Amino acid sequence: MSSTFLHQRPIQALPSNPSLLSPRSSNFTHRPVSVFSRTGLLVLLFLMVLLGIFIPWSEMPGGLLLLSSGGTKPALTKWRSYTLAQAASFVAKNGTLIVCAVSEPYLPFLNNWLISITRQKHHEKVLVIAEDYATLYRVNEKWPGHAVLIPPVVDTQTAHKFGSQGFFNFTSRRPRHLLSIVELGYSVMYNDVDMVWLGDPFPYLEGHHDVYFTDDMAPVKPLNHSHDLPPPNKKGRTYICSCMIFLRPTPGAKLVLKTWIEELEAQPWSRAKKANDQPGFNWALMKTAQHQQVDLYLLPQSAFPTGGLYFKNKTWVKETKGMHVIIHNNYILGFEKKIKRFHDYGLWLVDDHYSESPLGRL
Ligand SMILES: *[C@@H]1O[C@H](CO)[C@@H](O)[C@H](O)[C@H]1NC(C)=O
Ligand SMILES: *[C@@H]1O[C@H](CO)[C@@H](O)[C@H](O)[C@H]1NC(C)=O
Ligand SMILES: *[C@@H]1O[C@H](CO)[C@@H](O)[C@H](O)[C@H]1NC(C)=O
Ligand SMILES: *[C@@H]1O[C@H](CO)[C@@H](O)[C@H](O)[C@H]1NC(C)=O
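As numbered in my numbering, the sequence shown has no gaps in its residue numbers, which increase by one up to the final residue, 385.
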C-alpha cells in the first residue's frame with residue numbers, strides 16, 4: 024500500500040494541509056526543515072507514508088482508488104478512463120478473456136451468469152463491457168477492474184426491445200468490441216448473459232480453429248454431427264447463434280469480425296426487417312467459409328443446445344443428461360418470462376446463491 028502511495032501521490036498535494044507539514048508536529052526532528060532540502064524531502068516522504076494510513080480514503084484523488092478495496096466505498100473516477108487495453112491486460116488469464124456486454128437492467132442476469140462461471144472457476148478472466156455508466160460503476164465498485172466502458176454510450180432506453188433499431192444499434196457494437204480484443208492479441212469467449220454454465224466449456228474448444236460457435240436451430244442432430252458450418256437452409260442462410268462465440272487472435276477470426284461489421288453497415292436496421300446482429304454474423308461466416316479464408320468449428324449440440332431445444336424437448340434433455348455445458352435462455356421474449364423460465368428449471372441462482380458471485384448481492 025505505502026509504496027504505491029509514494030509512487031502515485033502528487034507531491035503538490037501536501038501543502039494543502041500545512042499544519043501537518045510543520046516540523047514541530049513531527050516526532051522525528053526538532054530542527055526546522057526546508058521542504059526543498061534533501062533531508063526535508065525525505066522527511067516529507069516519511070510523513071506521506073504515515074499520512075497514507077490516516078487520511079480517509081474518500082479524500083484521496085480518484086487515481087488512487089485501486090488501493091481502497093477494503094473499507095470505504097471506492098471512488099469511481101479511475102474506471103472512467105480505464106481503456107479496453109488496460110482492462111484486458113488486467114483481467115486476462117493465459118491470454119484469454121471471457122466477455123459479455125451488459126446494461127443496467129440486465130445486472131441480475133449478469134450476476135446469475137457469473138455465479139455459474141464462478142462454479143467452473145473461470146470468473147477471474149471475466150471482463151464486463153458496460154454499456155452505461157451505472158453498470159460500469161456498480162461492477163467496479165464490487166469487483167474492481169472487471170468492467171470497462173467503451174465510448175460512446177448508446178441510448179439504453181431504446182436498446183432493449185428485441186427487433187427495435189435501438190436493439191440493433193446495441194448489438195451492432197458486439198463485433199467491434201470483439202475485434203478490438205482479438206487485435207490486442209487475446210483469445211476471447213463472448214457470452215450473452217441470459218446463459219448459465221453447467222460445465223466447463225473450455226475443454227470443448229478442441230484444436231486450433233479460428234472461430235467456435237453454436238447452432239441456434241432446434242431440430243435434434245445426431246450426437247456425432249459434423250463440426251463444419253452447417254449447410255444453409257431453404258432461404259439460403261445458416262442459423263448460427265451470435266450469443267456464444269470463441270475467437271482466437273488469428274487472421275481468420277479478424278476477417279470474420281471485419282466481414283460481420285461490414286455486413287451490419289451494408290444492411291442497416293429497417294422497420295421492415297427488424298434485424299439484430301445475428302444475420303450479419305451468419306453472412307460473415309458463410310462468405311469467409313466459402314472462400315476458405317477461415318477455419319470454423321461448430322460446437323456439439325448436446326453440450327451447447329439452443330433454448331429452442333433445451334426448454335422445449337424433455338425427451339431430448341433426458342437422452343442427453345449430463346452432457347449439457349451452457350444453457351441459453353432464448354426462444355422466449357421478455358425479461359420476466361426469462362426469469363420465470365430460469366426459475367422453473369432451477370437455473371435462477373441469484374436469489375439463493377448470490378454469495379457465490381464476485382459481485383455479491385446487487
Ligand atoms: C493456455 O492457453 C493455451 C493456448 O490457448 C492452451 O493450450 C492451454 O491449455 C492454456 N493453459 C491453461 C492452464 O489454461
Ligand atoms: C441507431 O443508429 C443510427 C445510426 O448511427 C442512428 O441514426 C439512430 O438514431 C440510432 N437509433 C437508436 C434508437 O439508437
Ligand atoms: C455418425 O454415426 C453414424 C452411425 O454410426 C454414421 O453413419 C455417420 O457417418 C456418422 N456421422 C459423422 C458426421 O461422423
Ligand atoms: C425431441 O427429442 C427426441 C429425442 O432426441 C427426438 O426424437 C424428437 O424428434 C424431438 N422432438 C422434436 C419436436 O424435435
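The beta carbon of each residue, even a glycine, is placed where N, CA and C say it ideally should be.
Just so you know, these numbers come straight off a predicted model, no measurement behind them.
I need the DSSP call for residue i, collapsed to helix, strand or coil.
i                : result
lysine 277       : helix
methionine 212   : strand
isoleucine 173   : coil
leucine 287      : helix
threonine 119    : strand
serine 265       : strand
leucine 382      : coil
valine 125       : strand
lysine 144       : coil
leucine 130      : helix
leucine 246      : coil
leucine 137      : helix
leucine 270      : strand
glycine 303      : helix
lysine 258       : coil
leucine 308      : helix
arginine 103     : helix
phenylalanine 28 : Per-residue confidence for phenylalanine 28 stands at a pLDDT of 33, beneath the threshold of 50, marking its modelled position as unreliable; no derived number is given.
Compute the beta-carbon to beta-carbon distance between residue i and residue j, rounded to the nearest angstrom, for a pair I have assumed lies under 8 Å.
i              : j                 : result
valine 177     : phenylalanine 191 : Valine 177 to phenylalanine 191, Cβ: 10 Å. No contact.
glycine 189    : aspartate 233     : 31 Å between Cβ atoms; not a contact.
tryptophan 283 : alanine 307       : 4 Å
leucine 228    : tyrosine 213      : Contact doesn't hold; Cβ gap of about 13 Å is too wide.
leucine 287    : glycine 303       : 4 Å
cysteine 266   : histidine 347     : Not a contact, Cβ separation roughly 15 Å.
isoleucine 152 : isoleucine 121    : Contact doesn't hold; Cβ gap of about 11 Å is too wide.
aspartate 217  : phenylalanine 132 : 5 Å
proline 198    : leucine 280       : 5 Å
threonine 261  : asparagine 299    : That belief does not hold up - the Cβ atoms of threonine 261 and asparagine 299 are roughly 15 Å apart, past 8 Å.
glutamine 316  : leucine 278       : 6 Å
If you compare alpha carbons, which of the options is closest to residue i?
i                 : options                        : result
proline 381       : Thr106, Ile138, Lys116, Ser126 : Ile138
serine 210        : Arg271, Leu322, Ile173         : Arg271
glutamate 379     : Gln109, Gln143, Ser112, Ile121 : Gln143
aspartate 223     : Lys244, Ala153, Ala326, Val114 : Ala326
tryptophan 220    : Leu372, Gly383, Pro128         : Leu372
glycine 331       : Arg161, Leu319, Ser265, Pro242 : Pro242
valine 333        : Leu202, Arg196, Asp367         : Note on residue identity: the sequence assigns tyrosine, not valine, to residue 333. Checking every option, the nearest Cα to that of tyrosine 333 belongs to Asp367.
serine 126        : Ser112, Val162, Thr106         : Val162
serine 112        : Leu133, Leu130, Val171, Asp155 : Val171
asparagine 256    : Lys281, His351, Phe225, Met309 : Met309
serine 249        : Gly259, Thr237, Val279, Arg199 : Thr237
glycine 186       : Gly383, Leu356, Arg384, Asp375 : Leu356
tyrosine 354      : Pro328, Gln109, Ala110         : Pro328
cysteine 264      : Lys244, Asp215, Leu280, Pro245 : Asp215
phenylalanine 269 : His231, Pro253, Leu246         : His231
leucine 130       : Tyr156, Ser203, Lys335         : Tyr156
valine 114        : His145, Asn134, Ser104         : His145
aspartate 375     : Thr119, Trp102, Asn134, Tyr105 : Asn134
Which two residues bound the contiguous beta strand (DSSP E) that contains residue i?
i           : result
alanine 153 : 149-153
Would you mind reading off the limits of the alpha helix (DSSP H) that contains residue i?
i              : result
tyrosine 156   : 156-165
serine 325     : Here serine 325 belongs to no alpha helix (DSSP H), and DSSP marks it neither H nor E.
valine 317     : No alpha helix (DSSP H) contains valine 317, which DSSP labels as neither H nor E.
threonine 237  : Not the alpha helix (DSSP H): threonine 237 falls in the beta strand (DSSP E), residues 234-238.
valine 219     : Per DSSP, valine 219 belongs to no alpha helix (DSSP H); it is in the beta strand (DSSP E), 218-220.
glutamate 229  : Unbroken run through glutamate 229: none, as it is neither H nor E.
alanine 108    : 107-114
asparagine 192 : 188-206
Those runs of the beta strand (DSSP E) which lie wholly inside the region 331-378 and span at least 3 residues: 349-351
Residues whose Cβ lies closer than 5 Å to any heavy atom of ligand 5, in chain order: Ligand 5 is absent from the structure shown, which contains only ligand 1, ligand 2, ligand 3 and ligand 4.
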